[in-house]
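Some notes on the structure that comes next.
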Amino acid sequence: MPLIIKDEYPEKLFREDGKRLDGRDKYELRPIKMEVGVLENADGSAYIEWGNNKIYAAVYGPREVHPHHLAKPDRGILRVFYRMATFSVFERKRPAPGRREKEVSMVITDCLEPVLFLELYPGTAFEVFINVMDADGGTRCACTTVAALALADAGVPMKSLVTAVAVGKIDGELITDLSGIEDKAGEADLPCAMTWFNEELSLLQFDGSMDLDEFSKYLSLAKDAISKIYEIQLDALKKKYIEIQEEYSGGEKK
Amino acid sequence: MMNIKRVISTIEKNYILSNLKKGERIDGRDLWQHRDWSVKSNVIASAEGSAEVSLGKTRVITGLKYDVGAPFPDLPNEGVCTFMAELLPLASPLFERGPPDEQSIELARVVDRGIRHADCVQTKKLCIKENAAVYILFVDIYVINYSGNLIDAGGISALTTLISSKIPEGIWENNEVTWTGKYLSGDTLVNELPIILTYGKIGDIIFLDPSLPEELVCDGNISISVTEDKITSIQKSGYATLSIKEIEMLGKKSMEIGKKIRKDLNLWQYKR
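Protein chains in written order, with the numbering used here: chain A, 1 to 254; chain B, 255 to 526.
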């Protein structure tokens, strides 16, 4: 990515050849790479590169709740902390967590909670730390996806994985997976996440304006994209165990 | 997986100690050897400079952002370079959320002092217009995985970040900053390369680059920054005491090791 001096928005978000600014087709996803078990000290961890987004997630728990009054006697609690690095955005972000980060943390918590069996862990907390090291649009979706992967890597009992994607509108056309500039200069943005055990949406936000026809189109676009991302997610999770299996196949270490 | 505690078991402590007494380390190093270094630069697209450094299993990511602001009144023609460190709670169960604690402030301060007093960052070249506009650089260090000796890793990552940086060049025209479209690169910003070396001390044994279990057993640490021929900062932490002889010995040792690391890592290769 070239360095830019001013955060200028181009007039058109489609190039002359009908492709988007980064060369993608309307419904094409950015390249996505996921990996689990990347952080030594965490109970479970995952890393995602989604276009220019680079995000680490780590899970600790079940462990004691601090401060203690947050603990619930009949069930465990899930706490998600979404934080961005100061250098992950165009203008340096202040180091202290802002309102946006707290809101996104809450949205992700609510999104992940339905897949966990928290009633099995009374009085404890699962803490998910998500750090965005480099951001380029769609971080809340990437964070939800990678957090679910980290929880699975930690061996936390789950009903299913959760996968998220954003769909939106630029220059009057519906598109999948908005990049940073499309998010800022575009007309609409609809991040959503699916819990696979019941195939329902557990994260849904919308900014922009749409009619009811468009709404169903948005949702079917999102469903297609989510299915593709889910495959990558599953592969990343399996890969770790395939590697262990290969390493020890035949009872001897290679 | 997690098996890190604030307190180390007596049996492990004795094991580490008896090994050190024989001049050996639990991970097979000798007393004056670092764990393996790995340095990658330009890892963050949004930052003007960045580096990912691992020292054994300790891993840090550092990025540089810049701003243009007014200089300090007593240094009207010099830019500013600030350092911040954050010990992310994902890096270790020992780290907690919240505002920076002593350990992260110490990390940022020691890295800052080592670099500040070494003629490293050329602050005079970061001046756009005297008394009016200078660059303010923010070098922010994030710890991704904690396995002992954050200071050495933080120091190298801060240096690599500065060397790999590309900052838009601004000039003063009609009472405001205008951008020339060119960039200031690492060789303009950085002159000398101060290397920070941290030693642990247990009883009367001193050794380089304490790993996490060693750090937990240590009576104390001492960090020394060296340039080619000068010591630029020292920080002693923990309850250990050092004799004058020991400190002199460490000064000499640091010069040697500093030279070797400067050569081995060859940080100038990361200039963009």
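Using N, Cα and C, we set each Cβ at its ideal position, and we do this for glycine too.
- Message: Against chain A, which members of the segment 386 to 419 of chain B pass a CB distance test of less than 8 Å?
- Response: Using a CB distance below 8 Å, the part of the segment 386 to 419 of chain B facing chain A consists of 392, 394, 396, 398, 399, 400, 401, ordered along the chain.
- Query: Since residue 360/B meets chain A, which of its residues come closer than 9 Å, beta carbon to beta carbon?
  - Reply: Those do not exist, as residue 360/B stays about 16 Å from chain A at its closest Cβ, beyond 9 Å.
- Task: Use the C-beta contact count for residue 274/B: other C-beta atoms within 10 angstroms, 16 or more gives buried, fewer gives exposed.
- Result: Result: buried.
- Is residue 237/A helix, strand or coil by DSSP? Of the three classes helix, strand and coil, the one that applies to residue 237/A here is helix, per DSSP.
- Give the single residue among 506/B, 316/B, 387/B, 474/B whose Cα lies nearest to the Cα of residue 338/B. Nearest option by C-alpha distance: 316/B.
- Query: Which runs of the alpha helix (DSSP H), 4 residues or longer, sit entirely within the segment 360 to 392 of chain B?
  - Reply: Listed in chain order, there is nothing to give.
- Task: Check residue 472/B in the structure and name its three-state DSSP category.
- Result: When secondary structure is reduced to three states using DSSP, residue 472/B falls in the coil class, being assigned neither helix nor strand.
- Message: Between the segment 71 to 91 of chain A and the segment 362 to 378 of chain B, can you find at least three pairs of beta-carbon atoms closer than 8 Å?
- Response: By the Cβ criterion, the segment 362 to 378 of chain B is not in contact with the segment 71 to 91 of chain A, since fewer than three pairs of Cβ atoms, one from each stretch, lie closer than 8 Å.
- Message: At 3 residues or longer, what runs of the beta strand (DSSP E) sit wholly inside the segment 402 to 490 of chain B?
- Response: Positions of the beta strand (DSSP E) runs, each at least 3 residues long and wholly inside the segment 402 to 490 of chain B, are given as 420 to 427, 430 to 439, 449 to 456, 459 to 462, 474 to 480 in order along the chain.
- Query: Exposed or buried, what is residue 152/A when buried is set at 16 or more other beta-carbons lying within 10 Å of its beta-carbon?
  - Reply: By the C-beta density criterion, residue 152/A is buried, having at least 16 other C-beta atoms within 10 angstroms.
- Given that a residue counts as buried once 16 or more other Cβ atoms are within 10 Å of its Cβ, and exposed if not, what is residue 47/A? Classification of residue 47/A: buried, given that the 10 Å Cβ count is 16 or more.
- Is the beta carbon of residue 84/A sitting closer than 9 Å to the one on residue 131/A? Yes; because the gap between Cβ atoms is below 9 Å, this pair is in contact.
- Query: Buried or exposed: where does residue 285/A fall if 16 or more other Cβ atoms within 10 Å of its Cβ makes it buried?
  - Reply: Lying outside 1 to 254, the shown extent of chain A, residue 285/A is not represented and no answer is given.
- Item | Whole-number beta carbon distance between residue 312/B and residue 402/B, since they are thought to touch under 8 Å | Contact check for residue 402/B and residue 312/B: beta-carbon distance about 6 Å, within the 8 Å limit, so the pair qualifies.
- Item | Within-9 Å CB hit, residue 369/B to chain A | Closer than 9 Å: no.
- Query: Can you list, in chain order, the residues of the segment 26 to 59 of chain A whose Cβ is nearer than 8 Å to any Cβ on chain B?
  - Reply: Those would be 39, 40, 41, 42, 43, 45, 52, 54, 56, 57, 58, in chain order.
- Item | CB contact check: residue 254/A to chain B, cutoff 9 Å | In this prediction, residue 254/A scores a pLDDT of 48, lower than 50, which makes its location untrustworthy; no coordinate-derived value is stated.
- Query: When you compare only the Cα positions, how much space is there between residue 247/A and residue 347/B?
  - Reply: Linking residue 247/A to residue 347/B through their CA atoms gives a straight-line distance of about 29 Å.
- Task: Give the DSSP bridge partners of residue 185/A, in chain order.
- Result: Looking at the DSSP assignment, residue 185/A forms no beta bridge with any residue, so it has no partner.
- By the 10 Å Cβ neighbour count, where 16 or more other Cβ atoms means buried, how is residue 566/B classified, buried or exposed? Absent from the model: residue 566/B. The displayed extent of chain B is 255 to 526, so no value can be given.
- Taking residue 158/A as the reference, give the member of 170/A, 120/A, 18/A, 58/A with the closest Cα. When C-alpha distances from residue 158/A are compared across 170/A, 120/A, 18/A, 58/A, the shortest belongs to 120/A.
- Show which residues of chain B have a CB atom less than 8 Å away from the CB atom of residue 185/A. At a C-beta separation below 8 Å, residue 185/A has no neighbours in chain B, since its nearest C-beta there lies roughly 17 Å away.
- Task: Less than 8 Å between the CB atoms is what I'm expecting for residue 107/A and residue 140/A, so what's the real figure, rounded?
- Result: 7 Å between Cβ atoms; contact.
- Message: I need the DSSP call for residue 2/A, collapsed to helix, strand or coil.
- Response: Because the pLDDT of residue 2/A is 39, which lies under 50, any placement of that residue in the model is unreliable, and the question is left without a value.
- Is the distance from the Cβ of residue 178/A to the Cβ of residue 189/A below 9 Å? One thing to note: residue 178/A has its Cβ within 9 Å of the Cβ of residue 189/A.
- Any Cβ of chain A within less than 9 Å of the Cβ of residue 299/B? True, the Cβ-Cβ gap to chain A drops below 9 Å.
- Query: Is the segment 445 to 453 of chain B close to the segment 407 to 418 of chain B, with three or more CB pairs under 8 Å?
  - Reply: These segments touch.
- Task: Just grab the DSSP bridge partners of residue 293/B for me.
- Result: BP columns for residue 293/B point to 307/B.
- Compare the C-beta of residue 77/A with all C-beta atoms of chain B and state if any pair is closer than 9 Å. No, its Cβ sits nowhere closer than 9 Å to a Cβ of chain B.
- Query: Which of the three DSSP states, helix, strand or coil, is assigned to residue 210/A?
  - Reply: Here residue 210/A carries a coil assignment [DSSP, helix/strand/coil].
- Identify whether residue 65/A lies in helix, strand or coil by the three-state DSSP scheme. Annotated three-state conformation of residue 65/A is coil, per DSSP.
- Task: Run down chain B in chain order and give the residues with a C-beta less than 9 Å from the C-beta of residue 134/A.
- Result: Correct list: 297, 298, 299, 300, 301, 304, 317.
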